[in-house]
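Here the sequence shown is numbered in this note's numbering, starting from 146 and rising by one per residue. Each residue gets a CB set at the ideal place from its N, CA and C atoms; glycine is no exception.
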Amino acid sequence: MTASGRHDANQFIISVAQPHWWRVSWKAGTMPTSRIYGATREGTPSPMKITTLAPDASGLVEWPTLSANRKSVVTVGVFDGMHRGHQAVIRRAVELAKADKAFSVVVMFDPRPGVVHAYAAAHDGQEPGDGFCDPMALTSVDQRLRTLENLGVDHVLIVRYTLAFATKSYRFFLGQMVGKLGMRTLVLGTDAAMGANRAGDVKAIGVLAQATGVFELEIVDDRGPGHVRVPADVTPQMPSEPGEPVDPTEGMTKAQLRAWSKKHQGREVRVWSSTNVRYLLAHGRIKAADEILGHAHAIEGTVVHGEERGRTIGFPTANLGSMIDGYIPVDGVYAGWLIDLGAAGAPADSDENASDGNSGSGNASVIPRVYDSGSSKARLAAESPYRWPAAISIGTKPTFNEETGLNERVVEAYAVTDEWLDLYGHDVRVEFAGFLRPQVKFDSADALKDELTRNVQETRELTSAR
């Protein structure tokens, strides 16, 4: 799925298939001047390596030495959702690395910094523990790694974000990147900021690059087609009518938009932003979210035994367990796809995939390991025999919950296929293509069956067009 938008003020085109970049030269106290670069990545990427890093109590990280003589092109961020802006930044880093015969390196923070600081503020300065689940994360680390592999990244350094780590200045952090990772080019989006108090914005980093001369800063325009206002509190709200919801601010006058923004404490964010994607998914606007992502939003989990009520009315579903990777959209019925990722617990990585000693550290915790996506890449392919159109239900089963006494939120998917599928105990991926209707209570099982038949037909039509 591709899309493009035009920003007339600066006379450049934002395009996913052919993103554009600024090679920036800086003078202290000035904004950047720029030349536009553009190209496509070629060749087959080498196996991606992963290193997981945890700062010590003082916030220091023991960075691996990737090579004694090979330099690196680095980009830094959370990359939650891996939307079009993220992809443009990463593609540019990969392209520059290939041109310079350097490593492409992604430094990825987990958990999300905003979550760590918010948790600490609500828990007397304590940080989230190892078992903490971030329900607002669009994608899990594993989902992001899969995308990074597809983009051809050489190294991913997953850094546990801690409050102590957050106290380090951007100057100190970038010094580590240069000294330990051999960074010679840093690739960032236009609004990127790092270091204590987020003082390291692209202007400050550009001044540092100019003053030291030890690395170059490459700025990628990752903003997308302008900005949009979203409520400060992203509370899920199920659409009341069938069909893809519309933008509630569409057609508003400036006065009406100001009133709406005041009521919802609206704030301005980039169209291409994880915040905007969360807002859209929380209101059932799947097509708009997928457009920003550049791919279908997806969640992943393990199929468990449910009530098996769907089987009795001719619509057997795959019920996902309570542990789900990815942001679950608002309650409703959706069209999309169901992909069988294979039996749960099958190892994708092993100690045999560890580095052959290229790391300069004797600490095994910082030795890179080769990323192995196992069979998932083939299973996720568009023509995979493990991929089916699916009608997806998210909610509390209002037609039957009074009878059963159960009111748990459930995610279940009915695969539109004539095959008999036994997916119990399998990991599956559920991708969303569009919103069909809200959850409603039907008078009878027959009425529900008739509606599900319509939903299946709608699913066929919607997925065949994608």
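- The Cβ atoms of Leu-438 and Arg-229 lie closer than 9 Å to each other.
- With fewer than 16 neighbouring CB atoms inside 10 Å of its own CB, Phe-277 falls in the exposed class.
- Here DSSP, grouped into helix, strand and coil, assigns Met-227 to coil.
- Residue pairing by DSSP places Ile-350 opposite no residue, since no beta bridge is assigned to it.
- Judged by DSSP secondary structure, Arg-412 falls within the beta strand (DSSP E) whose first and last residues are 412-415.
- When secondary structure is reduced to three states using DSSP, Val-585 falls in the coil class, being assigned neither helix nor strand.
- Assigned with DSSP and collapsed to three states, Ala-377 falls in coil, not helix or strand.
- Classified as buried, Tyr-315 has 16 or more neighbouring CB atoms from the shown chains inside 10 Å of its CB.
- By the C-beta criterion, the segment 353-369 is judged to be in contact with the segment 327-334, since at least 3 inter-stretch pairs fall below 8 Å.
- Judged by DSSP in its simplified three-state form, Pro-534 adopts strand.
- For Thr-292, the secondary structure class from DSSP, reduced to helix, strand or coil, is helix.
- Ile-431 places its beta carbon 9 Å or farther from that of Ile-469.
- For the pair Ala-404 and Glu-596, the Cα-to-Cα distance works out to about 38 Å.
- Exclusion of the five residues before and after Pro-258 leaves Tyr-306 as the residues of its chain whose Cβ lies within less than 6 Å of its Cβ.
- About 17 Å separates the Cβ atoms of Ile-539 and Ile-484, ruling out a contact at the 8 Å cut-off.
- Collapsing the DSSP output to three states places His-262 in a helix.
- Tyr-264 is the residue among Tyr-264, Gly-481 and Val-250 whose C-alpha sits nearest the C-alpha of Pro-256.
- Judged by DSSP secondary structure, Leu-593 falls outside any beta strand (DSSP E) and instead within the alpha helix (DSSP H) spanning 590-609.
- Taking 8 Å as the upper bound for CB-CB distance, Gly-451 and Glu-557 are in contact here, some 7 Å apart.
- Going by DSSP, Thr-420 is part of no beta strand (DSSP E) but of the alpha helix (DSSP H) stretching over 419-426.
- If you compare the alpha carbons of Asp-591, Tyr-479, Val-251 and Gln-355 with that of Pro-390, the shortest gap goes to Tyr-479.
- The bridge partners DSSP lists for Gly-334 are Val-365.
- Contact between the segment 318-329 and the segment 274-294 is absent: fewer than 3 CB-CB pairs across the two stretches fall below 8 Å.
- Under the rule that a run must span 4 or more residues, the alpha helix (DSSP H) segments found entirely inside the segment 208-256 read 229-245.
- Out of Asp-591, Ala-590 and Val-601, the CA that lies nearest to the CA of Phe-580 is found in Val-601.
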